[in-house]
Structure formats: C-alpha cells, structure tokens
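Asks:
In this note's numbering, the protein residues as written are 23 to 104.
#1: Given residue 43, which residues of its chain have a CB within under 6 Å of its CB, disregarding the five upstream and five downstream residues?
#2: If you draw a straight line from the C-alpha of residue 57 to the C-alpha of residue 25, how long is it?
#3: How far does the alpha helix (DSSP H) with residue 53 in it reach, from first residue to last?
#4: In angstroms with no decimal places, state the Cα-to-Cα distance between residue 74 and residue 67.
#5: Exposed or buried, residue 49, counting other C-beta atoms within 10 Å across all chains shown (16 or more means buried)?
#6: Would you kindly check if the distance between the Cβ of residue 39 and the Cβ of residue 29 is under 8 Å?
What follows is the structure, encoded as structure tokens:
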C-alpha cells in the first residue's frame, strides 16, 4: 500500500520523528496502529503505563489525582468555565 501525504502531514511526522529520535516511518506506523489496531498493549503493559501516572508525585498529589479521577473534586477547582 502506498499512501500520499499532504505536505502539512509530512512535515508534522518528520518533526515528531526528529523530536523522538526515530524515523518518520516509525512515527506514521505508530499513529496508524493507535487508530486501527485494537488494544495493541498487553494488560501488563496497560497496568505499567497506568502506574506511571503516579511516578514522582507526592502522597497529596496522588490523593488530588484520585479525587479528580473519581469525580469528588471539580477538575477546574472552584472556577466556573466560561
């Protein structure tokens, strides 16, 4: 299969590849996999990724994340959203 990219998309892929130290082909394949391949991570990988959410957070920060995630605290605090 051959896919023709727009100049804008090609530039975005090349820039991301440069930032990540990989090839444009790898960036494009990774993006396509995330769109079209259902759950390409094992359950263990998903748990590992989820655990990384808390890496480097203090206990208070972890509590704040949990409160937001479980809906016990407004995401934007007391501010109203305009």
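We treat Cβ as the ideally placed atom computed from N, Cα and C, and that holds for glycine.
Replies: The structure says:
#1: Taken in chain order, the list of residues that qualify is empty.
#2: Approximately 16 Å, taken between the alpha carbons.
#3: Going by DSSP, residue 53 is part of the alpha helix (DSSP H) stretching over 46-58.
#4: Answer to the nearest angstrom: the Cα atoms are 11 Å apart.
#5: That one is buried.
#6: With contacts defined by Cβ atoms closer than 8 Å, residue 29 and residue 39 do not form a contacting pair.
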